[in-house]
Amino acid sequence: MKKREQITRPVQKIQAQLIKPGLAAVFILLSAIAPSHVGAQTPSLTLRQTYLDASSFPEIVAGVVVRDGENRPVGGLTESNFSVYEDGVLQLPILVEEFKADSGGVSVVLIMDISGSMRDELPDAQIAAKTLVDLLTADDFGALISFDDVVEIVQQFTNNFDLLKSAIDGLQNGSGTAVYDATLTGLDLVRNQPGKKAIVLLSDGRDGDSNANLGDVTSALGSAGIPVYAIGLGVSGGRGEDELIQIAQASGGIYYSAPTTAELQEIYLSIAYFISKYTYRITYTTSNCAADGTQRQVDIVANKDGLAASDTSSYIAPFANSQIVLQTDIAPTPTQPFMLQLITPTLDDFTNSVSKISMRIRYNSEHLQVQTPYAQFIKAGPMFGDATAHTLTQSVDEAAGIITLTIQRLQPVAATPGSNVLAEIGFIAKASLPDSTSLTFEIDSLLATNSAGCEMVFDLQPITVLSDGMLVWPGDTDANGRVELADILVLGLYWSMTGPARPATTDPILWKAHLAKRFPIVSATHADADGEGQISERDLIPIALNWGQTTATVAGARPKTAHVLPEGAVSYALDQSVQADKYQLRIQLARANSAPLAGVMLRLALSSEQSAMTQAVVGSLWQKDALFFSQIEPDGQHLSVGIMLKPGTEFPTSDGELLRVALTANAGLSPHDIHIESIGLVSPDGRINEGALAQIQKGSVSAVPDVIELERAYPNPFNPATTIRFQVNEPVDVIAQFYRVSGELIQSVQMADLQAGTHTLMWHGKDGDGRTVGSGTYFVRFIATDRQGRQFRRTQKLILIK
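Following this line, the structure appears as structure tokens:
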């Protein structure tokens with residue numbers, strides 16, 4: 001054998017596409033080795049990986065050629081001569097199979113593109129082609145075909161490799177490209193050669209001058225069984241590359257993509273090893289059987305007679321994965337249970353091969369809790385069969401909101417509809433959960449393996465769901481768990497704000513938790529005490545009816561009552577003050593029946609822009625501890641009022657003064673400038689009679705009285721209450737003291753800051769402790785004190801009839 005020149009492989013990686021007949025393409029990476037000297041003087045050993053096939057993952061198949069220092073193939077090697085390392089881990093066991101040519105050497109025909117577009121690349125291509133020739137042995141034969149628009153057999157088969165290299169050196173550029181015709185010419189030339197045969201085709205463009213077509217070529221190659229090692233020079237992604245791939249695929253060969261001529265020498269060197277006389281196939285099952293799409297480095301080492309050689313290649317593991325999707329059966333609702341399911345969207349061989357899965361699931365522990373007992377509400381899904389087909393361990397950290405779960409199959413489970421559910425976890429939403437709150441569930445760690453112990457890859461995506469509804473207690477507008485005076489203030493804070501009305505129920509203000517949708521401001525949802533969808537004076541009604549209640553107790557169904565709706569006609573009159581621009585509006589109720597009156601809801605408006613309402617106070621009809629809410633709009637033109645008596649209070653049944661309103665007017669004021677937009681008389685069970693609005697009587701403007709005067713009080717035989725009317729001619733504070741005939745003081749009523757005009761005071765026939773007094777004769781002492789401290793005193797007898 002002749003001495004060959006030093007061969008240097010470029011230190012880079014070349015991507016090659018290994019194509020096997022009847023199989024999908026497998027991608028390998030052929031990595032560089034150090035420069036080697038070929039000669040007889042120094043014993044040496046070289047190893048070349050010719051392919052690395054991961055198409056049957058986790059089974060890996062590597063093709064290996066081993067040569068001695070004279071570049072002769074080394075045969076007779078077994079498993080004891082090879083070691084395989086994947087990512088540094090020794091792989092055991094391995095299977096080594098040796099393959100030899102039947103007889104003779106290898107016949108290789110080189111087909112080279114000399115078209116005009118190869119003008120700059122041809123010199124490098126010639127050098128690279130001679131690299132392959134230098135690796136042919138004495139038993140091998142080589143031939144050369146060139147093509148542009150014409151195909152020429154430049155050198156017939158010969159084992160005189162100097163002659164063959166000289167023919168390569170003599171190639172000159174032409175024009176045109178006849179790839180198909182050149183390939184068929186090469187096939188005809190090599191077809192009848194003995195032994196192993198191969199075609200090495202180099203082209204930089206798509207065919208444009210052949211008489212044959214691509215179908216002719218692929219058909220001929222498919223039946224010939226002679227591999228074509230096709231090299232596409234600078235044709236990545238084009239039609240020319242696609243044609244070369246089809247040619248290689250039809251023949252059972254390999255397609256190489258060479259972006260530039262710098263890769264050609266490496267490629268020709270690789271092809272030389274592919275067509276070697278002796279090859280070894282090494283098969284092993286990777287110890288890293290996770291189908292995770294990662295690149296794995298494979299080092300194969302050969303040892304013989306104290307000599308060693310190695311080569312490195314790599315493959316990309318297939319990426320076999322599925323998803324685990326989290327979903328809830330319903331939207332989380334306060335105090336209601338719901339189920340979190342862990343499912344795979346599709347049930348296939350991959351997902352059904354899960355043998356063991358361990359995971360950690362995070363949830364919002366502020367608003368959610370896992371149902372107990374855990375063993376009942378944390379369970380494996382149908383994917384793992386019934387309780388006899390799997391084991392399950394779980395733990396819950398309620399404070400951190402973490403569930404740790406491990407499920408392991410004990411036996412295979414047949415795939416059935418619904419068996420894509422891995423696990424189910426029962427939750428319950430806490431009562432404090434606000435409406436439309438984002439709740440996130442996520443699997444933040446997962447380890448799944450199949451029956452072979454291989455790690456399985458799942459895509460994990462967190463899920464965020466919105467809660468549906470929140471719990472409110474009618475009257476607890478500040479959501480502190482108790483109905484009290486502060487709840488009235490909240491109405492003013494969120495006055496007139498609107499939001500979703502609560503779902504209709506038989507008793508929307510019954511003291512219990514009601515489901516509501518959130519307002520634009522979450523806390524305002526509680527202020528909508530009656531659930532009508534707007535914060536208004538009528539939200540005072542649930543506050544009054546549920547006064548003193550706490551969320552620690554839940555009322556039963558409200559007992560049906562025989563309450564008749566209170567009825568009556570409303571009238572009002574204006575009293576002008578001593579100051580010309582100040583007025584007092586008195587709104588009176590004349591009862592049409594004696595049904596108990598628990599409260600009134602009223603809205604007033606002014607039609608005169610020169611006037612404004614400045615203050616509202618409860619009328620004398622109501623007891624001093626009545627709940628009162630008033631809201632005057634900034635323009636002073638609109639007033640909303642709510643007055644309610646607490647449960648247990650004796651509700652008035654007689655005529656009386658509902659409300660007094662102080663006004664200012666720059667240009668005079670008439671009762672016709674005042675409009676009652678709405679008025680509702682409230683029964684003790686919270687129902688509202690709107691009928692009084694149709695019976696409004698407008699009075700006149702009363703002149704300012706000349707003196708302070710107390711009118712005679714007359715008994716009301718139908719109501720245990722007495723109305724006392726009086727007039728004042730200037731702002732005063734009034735005290736009314738009620739005495740028995742024995743002189744015992746039994747009740748004292750104060751009315752502060754009364755403006756000049758006519759006023760009424762109602763005594764309900766009770767003493768200072770709220771006890772009802774008997775029928776009979778009593779005395780009232782009336783004391784009016786003006787701003788200068790002067791007092792007007794008058795004592796009057798009155799009769800109480802029950």
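Numbering (this note's numbering), first residue to last: 1 to 802.
Glycine is no exception: its CB is placed at the ideal position from the N, C-alpha and C atoms.
These numbers were taken from a predicted model, which means no experiment stands behind them.
Compare the Cα-Cα distances from residue i to each of the options and report the closest residue.
i	options	result
Thr688	Thr260, Glu730, Asp435 and Gly599	Thr is not the amino acid found at residue 688; the sequence shown has Ile there. The option with the nearest alpha carbon to Ile688 is Gly599.
Glu442	Gly668, Arg360, Ile275 and Gly636	Arg360
Lys797	Ala752, Ala167, Val64 and Thr723	Thr723
Gln623	Thr285, Met751, Leu540 and Ala167	Met751
Ser608	Val564, Ser107 and Ala667	Ala667
Glu121	Ala414, Leu233, Gln755 and Asp476	Leu233
Ser630	Ile587, Gly642 and Val483	Gly642
Asn160	Arg119, Leu485, Gly142 and Ala501	Gly142
Pro337	Leu710, Leu433, Arg67 and Glu152	Leu433
Pro123	Leu745, Ala605, Leu171 and Arg239	Leu171
Gly619	Gly691, Leu645 and Ser523	Leu645
Gly88	Ala721, Arg296, Ser355 and Ala431	Arg296
Gly469	Asn450, Thr333, Met456 and Asp507	Thr333
Gln579	Ile541, Leu639, Trp547 and Leu669	Leu669
His514	Thr50, Asp476 and Phe628	Asp476
Assuming residue i and residue j make a contact with CB atoms under 8 Å, what is their CB distance in whole Å?
i	j	result
Gly252	Pro227	5 Å
Leu340	Phe458	That belief does not hold up - the Cβ atoms of Leu340 and Phe458 are roughly 17 Å apart, past 8 Å.
Gly686	Ile509	6 Å
Val413	Thr279	Contact doesn't hold; Cβ gap of about 44 Å is too wide.
Trp511	Val554	7 Å
Ala516	Asp435	7 Å
Ile811	Val570	In this structure the chain extends from 1 to 802, so residue 811 is not present and cannot be described.
Ala62	Ile282	5 Å
From which residue to which residue does the alpha helix (DSSP H) around residue i run?
i	result
Gln246	Arg239 to Ser251
Asp169	Phe161 to Asp169
Asn352	Asp349 to Asn352
Tyr374	Tyr374 to Phe377
Asp113	It is not in any alpha helix (DSSP H) - Asp113 instead sits in the beta strand (DSSP E) that spans Val106 to Asp113.
Ser56	Here Ser56 belongs to no alpha helix (DSSP H); instead the beta strand (DSSP E) covers Leu45 to Ser56.
His526	Ala524 to Ala527
Ile708	Taken as a continuous stretch (DSSP letters only), Ile708 belongs to no alpha helix (DSSP H), as it is neither H nor E.
Arg191	Val179 to Arg191
Ile488	Ala486 to Leu493
Phe540	The identity of residue 540 in the sequence shown is Leu, whereas the question assumes Phe. Leu540 to Leu545 is the span of the alpha helix (DSSP H), which, as asked, contains Leu540.
Please list the terminal residues of the continuous beta strand (DSSP E) segment that includes residue i.
i	result
Ala291	Premise fails: Ala291 is in no beta strand (DSSP E) and is neither H nor E.
Pro337	Pro337 to Ile343
Thr404	Ile402 to Arg409
Ser816	With the chain covering only 1 through 802, there is no way to say anything about residue 816.
Asp786	Gly776 to Asp786
Val154	Val151 to Thr158
Ala516	His514 to Ala516
Could you give the distance in angstroms between the alpha-carbon of residue i and the alpha-carbon of residue j?
i	j	result
Thr614	Gly636	7 Å
Arg794	Arg781	6 Å
Asn364	Ile488	33 Å
Thr131	Gln411	58 Å
Leu30	Ser314	No answer about Leu30 holds up, because its pLDDT of 34 lies below 50 and its placement is not dependable.
Ile127	Ser322	49 Å
Leu347	Ser419	7 Å
Val217	Leu184	6 Å
Thr404	Thr437	25 Å
Phe792	Ile708	7 Å
Leu23	Ala250	For Leu23, the predicted model reports a pLDDT of 24, less than 50, meaning its position is unreliable; a value from the coordinates is still stated below. Rounded to whole angstroms, Leu23 to Ala250 spans 11 Å at the Cα level.
Ala230	Ile254	6 Å
Thr46	Leu446	44 Å
Gly533	Ala592	32 Å
Ile783	Arg518	52 Å
Ala552	Met383	44 Å
Asp575	Gly548	38 Å
Leu144	Asp68	28 Å
Is the segment 578-586 touching the segment 657-664 in the sense that three or more CB pairs, one from each, lie closer than 8 Å?
yes
Is it true that the segment 361-371 meets the segment 384-398, where meeting means three or more beta-carbon pairs spaced less than 8 Å apart?
yes
How do the segment 275-295 and the segment 54-68 stand: do at least 3 beta-carbon pairs fall below 8 Å, yes or no?
yes
Kindly confirm or deny that the segment 162-169 and the segment 300-310 touch, where touching means at least three C-beta pairs closer than 8 Å.
no
Say whether the segment 105-124 touches the segment 175-191, bearing in mind that this needs 3 or more beta-carbon pairs closer than 8 Å, one atom from each stretch.
yes
Three or more beta-carbon pairs under 8 Å between the segment 202-216 and the segment 186-194, yes or no?
no
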